[in-house]
Amino acid sequence: MAGRKKGIGQIVSDLERQLNSDYNALIQLTVEGLSTKENSPVDTGFFASSWKTGTQKIRAEDKREDHAPWSKIYETRAPGGATTWSSIGNQWVHTDKKPVGGQIKPRFAVPEFNFKRQPTVYIGNTAEYAGYALESPKVANFIQGEMRSLVKQTFKEKTPGRIFARTGSSSSVFGVYTRL
Amino acid sequence: MTLVNARAAFEKAVTNAVSAADATVLMVYDNVRYTVPGKTKKYILMTINFNRSTLQNQGAAQNYYSGVIQCNVHVPKSAGTAVLSSISEAVIDGLTSVNASGYSDTFNVSPRVSDVSGPTPLELEDRSHFVGIMSCQFTAVV
Chain A
761 MAGRKKGIGQ
771 IVSDLERQLN
781 SDYNALIQLT
791 VEGLSTKENS
801 PVDTGFFASS
811 WKTGTQKIRA
821 EDKREDHAPW
831 SKIYETRAPG
841 GATTWSSIGN
851 QWVHTDKKPV
861 GGQIKPRFAV
871 PEFNFKRQPT
881 VYIGNTAEYA
891 GYALESPKVA
901 NFIQGEMRSL
911 VKQTFKEKTP
921 GRIFARTGSS
931 SSVFGVYTRL
Chain B
911 MTLVNARAAF
921 EKAVTNAVSA
931 ADATVLMVYD
941 NVRYTVPGKT
951 KKYILMTINF
961 NRSTLQNQGA
971 AQNYYSGVIQ
981 CNVHVPKSAG
991 TAVLSSISEA
1001 VIDGLTSVNA
1011 SGYSDTFNVS
1021 PRVSDVSGPT
1031 PLELEDRSHF
1041 VGIMSCQFTA
1051 VV
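The listed protein sequences correspond, in order, to chains A and B.
Start counting the first sequence at 761; every next residue gets the next number (the numbering used here).
Start counting the second sequence at 911; every next residue gets the next number (the numbering used here).
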């Protein structure tokens, strides 16, 4: 059985196709990795669900209150629990309000990128309160720890283009990105 | 006890550098019970996460620890960001001190750190403190 023959002239296109495939696989794996409770702090799940990729830096301006199902989470109270009488509204209110029904449900699909046309891809979080979440070491641990081995595993030869993952401030468009 | 020693090497390096720069800064470590200091206190929350513990070389396995260190510097807003900067500088000095040729390796773990990211400043509206976040990878070999 002879193998399929390919002309030497196809080596460039084959290589580019392979690199592009690896490039997109890495971006996809990165977002999937960040969208887990192991690598993102989770309370309602909105932060972990709000990782986004793009060719422009990602702005952190989405409010949880504006996006279902996370907008309703704090309105749902756990059954039982401590209550106290509130003179405001003259009613019993729950003092141990905890999120119920928190979930990680990625809000953004990861688009296909081409490493030649889009050599720079940013991965950032759109949750307005991302700054609070970044106090947790989980994100840095993933980006500086697991990500580097992920890059090595994904690319066998050399890394085309540049990929950045956000580790810094949420309030500014000029947040800190780590080059991987 | 090498895992403990690896952690101790980095904690001691940072603690020494910070206390030399500003003795009023409290150190809070993630692996022991702690209470978050008050609104007027300057403090550093130091977290060490291990990602790897061994290298499976031919022959015997080698203890090779690697992971990520994160230091969150908290400074009361009334103190201003200048204090945040000076404390952050001390943390960076402490982290990188383990790479210096003259470093005294009292824990016998050959600690090393790579590039330090940050300090990334966070001004969170409903907090009493400014926060500066620094992180870096580390290795320790026994």
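Virtual Cβ for every residue (Gly too), placed ideally from N, Cα, C.
{"query": "Using alpha carbons as the reference points, say which of Tyr944/B, Pro947/B, Val978/B lies closest to Asn959/B.", "result": "Val978/B"}
{"query": "Indicate whether at least one CB of chain A lies closer than 8 Å to the CB of Thr957/B.", "result": "yes"}
{"query": "According to DSSP, Trp811/A sits in a beta bridge with which residue or residues?", "result": "Asn885/A"}
{"query": "Would DSSP call Ile848/A helix, strand or coil?", "result": "The pLDDT assigned to Ile848/A is 49, lower than 50, so where the model puts this residue is not dependable; a value taken from the coordinates is nonetheless given after this. Coil at Ile848/A, not helix or strand."}
{"query": "Please name the residues in the segment 888 to 903 of chain A whose beta-carbon is closer than 8 Å to at least one beta-carbon of chain B, in chain order.", "result": "Gly891, Tyr892, Leu894, Glu895, Pro897, Ala900, Asn901"}
{"query": "In whole angstroms, what is the alpha-carbon distance linking Val772/A and Ser781/A?", "result": "14 Å"}
{"query": "For Pro871/A, is the classification buried or exposed, using 16 other Cβ atoms within 10 angstroms of its Cβ as the cut-off for buried?", "result": "exposed"}
{"query": "By the 10 Å Cβ neighbour count, where 16 or more other Cβ atoms means buried, how is Gln904/A classified, buried or exposed?", "result": "buried"}
{"query": "Is it true that the segment 809 to 822 of chain A meets the segment 786 to 797 of chain A, where meeting means three or more beta-carbon pairs spaced less than 8 Å apart?", "result": "yes"}
{"query": "By a C-beta neighbour count over all protein chains shown, 10 Å radius and 16 as the cutoff for buried, is Lys898/A buried or exposed?", "result": "buried"}
{"query": "Less than 8 Å between the beta carbons of Pro1029/B and Val983/B, yes or no?", "result": "yes"}
{"query": "Taking the C-alpha atoms as reference points, what is the distance between Arg1037/B and Ile997/B?", "result": "19 Å"}
{"query": "For Ser929/B, collect the residues of the same chain with a Cβ closer than 6 Å to its Cβ; drop the 5 residues on either side in sequence, then sort them by chain order.", "result": "none"}
{"query": "For Val911/A, report the span of its alpha helix (DSSP H) as first-last.", "result": "907 to 914"}
{"query": "Can you give me the start and stop residues for the beta strand (DSSP E) that Phe960/B sits inside?", "result": "953 to 965"}
{"query": "Across the segment 959 to 972 of chain B and the segment 878 to 892 of chain A, are there enough close Cβ pairs to call them in contact, namely three or more that are closer than 8 Å?", "result": "no"}
{"query": "Can the beta-carbon of Asn799/A be found less than 8 Å from the beta-carbon of Phe868/A?", "result": "no"}
{"query": "Let me make sure I understand the geometry here. Which of Ala828/A, Ala900/A, Gln816/A has the alpha-carbon closest to that of Lys865/A?", "result": "Ala828/A"}
{"query": "CB Gly862/A to CB Val802/A, shorter than 8 Å?", "result": "yes"}
{"query": "Return the residue from the list Thr886/A, Glu895/A, Asn885/A that minimises the CA-CA distance to Leu1034/B.", "result": "Glu895/A"}
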